[in-house]
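Asks:
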Amino acid sequence: MFLAKWVGIFVSDPVRDRTGESKHNGSMKNVLVVGGGGREHALAWKLSQSNRIGNLFVSPGNAGTAHLAQNIPISSTDIPALIKFAKQNAIDLTVVGPDNSLAAGIVDSFQAHGLKIFGPTKKAAEIEWSKVFAKKLMKKYNIPTAKYASFSSYEPARRYISTTSFPTVIKVDGLALGKGVFICESPKEAKKALTAIMRGKDFGSSGTKIVIEEYLEGIEVSAHAICDGSNFLLFPLAQDHKRIGEGNTGPNTGGMGTICPVPGPVREISGIIRATLEALQKEGRYFSGCLFPGIMHTSKGPKVLEYNARFGDPETQVYMRLLKNDLLEVLEAATEKRLGNVKLEWQTGAAACIVLASLGYPGKYKQGFEIGGIEERSGNETVIFHAGTKLDGDRVLTAGGRVLNVTATGANLGETLELGYKAAGRVSFEGKVFRKDIGFQFGS
Ligand code: AMP
Ligand code: GLY
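Have a look at this one:
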């Protein structure tokens with residue numbers, strides 16, 4: 045059976061059998077990664093380095109994953125087709141990337157078919173796919189977060205914004221590809237956002253309910269914890285750069301770059317993770333998977349901005365560069381409630397990820413441009429993960445807003461960013477844009 049086609053795009057060479065044999069004996073594990081972005085490429089890259097990896101599949105994958113796994117043309121929300129595939133290909137573990145697969149109940153469905161899968165159930169993932177649910181949970185269990193009110197119709201929300209202070213934050217309840225948050229500087233802007241969400245239905249059913257919350261000031265960090273329902277392992281803190289423009293200006297994106305580690309109130313954040321898992325347990329929603337709260341480190345301590353029920357993108361890209369453990373072992377331990385016996389180990393130094401995007405993103409952009417400069421081997425420090433790319437014969441074309449994730453590691457943040465930016469500069473495609481100030485808040 046097919047295994048990986050391998051060309052020299054990647055600077056790291058995972059240790060594994062590439063004979064093309066189908067591997068399914070006791071210790072070798074066949075793994076399916078669900079999703080097709082940079083996060084999934086990074087997960088597949090790390091999984092491919094496990095000594096116990098058997099056949100590795102990514103659905104649907106991208107031009108990058110095609111070189112270290114087999115891409116399967118199944119959408120990440122086509123759950124019946126994914127289950128059929130997992131059964132037919134003796135998949136031992138499925139790892140879910142995207143939020144919408146979790147919200148569609150992929151974990152519940154796989155488990156109902158006796159298939160092992162890493163990720164939370166639909167009920168546990170509600171902490172991400174409903175901001176109203178998450179805010180209510182935090183209020184009930186005293187988990188620190190911004191003060192808020194929620195609304196399900198336009199008029200009461202409009203009246204509320206005439207009493208609140210500015211800036212104020214309006215969020216759609218449901219999933220919105222990172223675009224459902226409006227930081228409004230004035231009542232006029234808030235009214236415009238409300239009208240777009242509740243009257244214009246710009247976010248469809250995701251905008252049926254909204255949260256209006258207090259604006260928090262501080263340094264934003266991303267926390268990730270692998271959870272098995274009761275135990276959890278906290279990763280080092282990372283920082284994403286959500287806005288498109290330098291100095292954190294312009295509209296929000298899915299994330300334009302990450303650095304890791306960053307300093308922060310780790311003990312309090314660990315307390316937030318524990319409190320969240322206990323709160324979910326009390327509500328009958330055991331959380332197994334990756335819990336990723338976005339945290340604002342304010343002058344009054346860390347506060348939760350939002351919860352994600354999955355790995356961050358592009359946080360995963362830096363985490364996978366620094367994690368020393370065998371990812372397959374860690375994820376299996378999480379699905380088997382054995383995390384109490386696992387200790388995570390991380391490389392010293394720093395990692396950074398610079399997202400190369402298409403001109404116009406997060407708005408409209410063109411795609412289909414040929415990408416150059418990703419073939420050369422530049423040493424172990426830089427690895428380019430693909431996000432929105434596709435293969436056209438031997439050519440790699442742009443196929444999304446976020447196109448490539450250039451990652452680097454080094455002894456310190458300054459050195460790491462220098463390496464990353466050099467590699468980012470060597471990549472070419474029409475309309476390439478990227479932020480030149482990744483890490484600026486930490487004095488790089
Ligand atoms: P979310 O999807 O809730 O994480 O929001 C997207 C981004 O909006 C966050 O990463 C923050 O940069 C910003 N944001 C969200 N909520 C707030 C808030 N209450 N105060 C300030 N900024 C916020
Ligand atoms: N990097 C932010 C996210 O994955 O939601």
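In our numbering, each residue carries its 1-based index in the sequence shown increased by 44. Note that the Cβ used here is the ideal one computed from N, Cα and C, for glycine as well.
Taking DSSP's pairing of strands, which residues face SER332 in a bridge?
Replies: ASP272
Asks: Please look up how many angstroms separate the CB atoms of GLY141 and GLY81, rounded, as I've assumed it's under 8 Å.
Replies: 7 Å
Asks: In whole angstroms, what separates the C-alpha of PHE473 from that of VAL450?
Replies: The C-alpha of PHE473 lies about 14 Å from the C-alpha of VAL450.
Asks: With distance defined between alpha-carbon atoms, name the residue in LEU76, ALA156, ALA88 and THR460 nearest to ALA394.
Replies: THR460
Asks: Could you round the C-beta distance between PRO406 and LYS175 to whole angstroms and report it? I think they count as a contact, below 8 Å.
Replies: Rounded, the Cβ-Cβ distance is 19 Å, inconsistent with contact.
Asks: For ARG243, count neighbouring C-beta atoms within 10 Å of its own C-beta (all shown protein chains included) and say buried if the count is 16 or more, exposed if not.
Replies: exposed
Asks: Closer than 7 Å: is that where the CB of GLY475 sits relative to any heavy atom of the ligand AMP?
Replies: no
Asks: Rounded C-beta distance between PHE154 and VAL139? I'm assuming under 8 Å.
Replies: Not really, about 11 Å apart at Cβ, beyond 8 Å.
Asks: When the distance is taken between beta carbons, is VAL213 closer than 8 Å to VAL265?
Replies: no
Asks: Using the DSSP secondary-structure output, state which residues sit across from VAL115 in a beta bridge.
Replies: A quick correction: the sequence has Asn, not Val, at residue 115. The partner list for ASN115 (beta bridge, DSSP) reads VAL102.
Asks: Whose C-alpha, out of LEU349, GLU322, ALA401 and ARG365, is nearest the C-alpha of THR442?
Replies: ALA401
Asks: With 16 other CB atoms within 10 Å as the buried threshold, where does GLY416 fall?
Replies: exposed
Asks: Please tell me whether, using a cut-off of 7 Å, the distance from the CB of GLY298 to the nearest non-hydrogen atom of the ligand GDP is below it.
Replies: No copy of the ligand GDP appears in this structure; the ligands present are the ligand AMP and the ligand GLY.
Asks: In the DSSP assignment, find the unbroken alpha helix (DSSP H) run with ALA168 in it and report its ends.
Replies: Judged by DSSP secondary structure, ALA168 falls within the alpha helix (DSSP H) whose first and last residues are 166-173.
Asks: What is the rounded straight-line gap between the Cα of THR208 and the Cα of LEU126?
Replies: 47 Å
Asks: Tell me whether GLY141 counts as near the ligand GLY, meaning its Cβ is closer than 7 Å to at least one heavy atom of that ligand.
Replies: No, the ligand GLY has no heavy atom inside 7 Å of this Cβ.
Asks: So, at 6 Å on beta carbons, what are the nonlocal neighbours of ALA201 in its own chain, with the 5 sequence-adjacent residues on each side left out?
Replies: PHE195 and LEU238
Asks: Taking 7 Å as the cut-off, is the beta-carbon of MET340 closer than that to any non-hydrogen atom of the ligand AMP?
Replies: Using a cutoff of 7 Å, the CB of MET340 counts as near the ligand AMP, since one of the ligand's heavy atoms is closer than that.
Asks: In or out: ALA455 buried (at least 16 other Cβ within 10 Å) or exposed?
Replies: ALA455 counts as exposed, since fewer than 16 other C-beta atoms from the protein chains shown sit within 10 angstroms of its C-beta.
Asks: Would HIS268 be called buried (16 or more neighbouring beta carbons within 10 Å of its own) or exposed?
Replies: buried
Asks: According to the Cβ coordinates, are LEU277 and VAL386 closer than 8 Å?
Replies: yes
Asks: Taking the beta strand (DSSP E) that PRO346 belongs to, which residues open and close that run?
Replies: 345-352
Asks: Please confirm whether any heavy atom of the ligand AMP lies closer than 7 Å to the CB of LEU181.
Replies: no
Asks: Using a Cβ-based criterion (distance less than 7 Å to any ligand heavy atom), does ILE227 qualify as near the ligand AMP?
Replies: yes
Asks: State the Cα-Cα distance for the pair GLY381 and ILE398, rounded to the nearest angstrom.
Replies: Residue 381 is actually Lys in this sequence, not Gly. Answer to the nearest angstrom: the Cα atoms are 34 Å apart.
Asks: Taking its Cβ as the centre, do 16 or more other Cβ atoms sit within 10 Å of LYS286, making it buried, or is it exposed?
Replies: The residue in question, LYS286, is buried, as its Cβ has 16 or more Cβ neighbours within 10 Å.
Asks: Going along the chain, which residues of its own chain have a beta-carbon closer than 7 Å to the beta-carbon of MET182, five neighbours each way excluded?
Replies: THR189 and VAL348
Asks: What residues in its chain sit with their C-beta under 6 Å from that of GLY308, if we drop five residues either side in the sequence?
Replies: VAL265, LEU281 and HIS341
Asks: Got a sec? Which residues, its chain only, sit under 7 Å from ILE263 by beta carbon, not counting five neighbours each side?
Replies: Cβ neighbours of ILE263 within its own chain (closer than 7 Å, five residues either side excluded): HIS341 and GLN485.
Asks: So what's ASN186 in DSSP terms, helix, strand or just coil?
Replies: coil
Asks: So GLU290 and LYS480 are supposed to be a Cβ contact under 8 Å. How far apart are they, rounded?
Replies: 6 Å
Asks: Mind checking which residues open and close the beta strand (DSSP E) that includes GLU264?
Replies: 263-266
Asks: Which stretch, first to last residue, makes up the beta strand (DSSP E) that contains PHE154?
Replies: Per DSSP, PHE154 belongs to no beta strand (DSSP E); it is in the alpha helix (DSSP H), 150-156.
Asks: Quick check on the burial criterion: 16 or more other C-beta atoms within 10 angstroms. Buried or exposed for ASP217?
Replies: buried
Asks: Check the C-beta distance from ILE123 over to ILE150 and give it rounded, since I have them as a contact under 8 Å.
Replies: Indeed, because the Cβ distance is near 5 Å, the residues count as touching under 8 Å.
Asks: If LEU76 sits next to SER94, beta carbons under 8 Å apart, how far is it from one beta carbon to the other, in whole angstroms?
Replies: Contact flag wrong, Cβ pair sits at about 14 Å.
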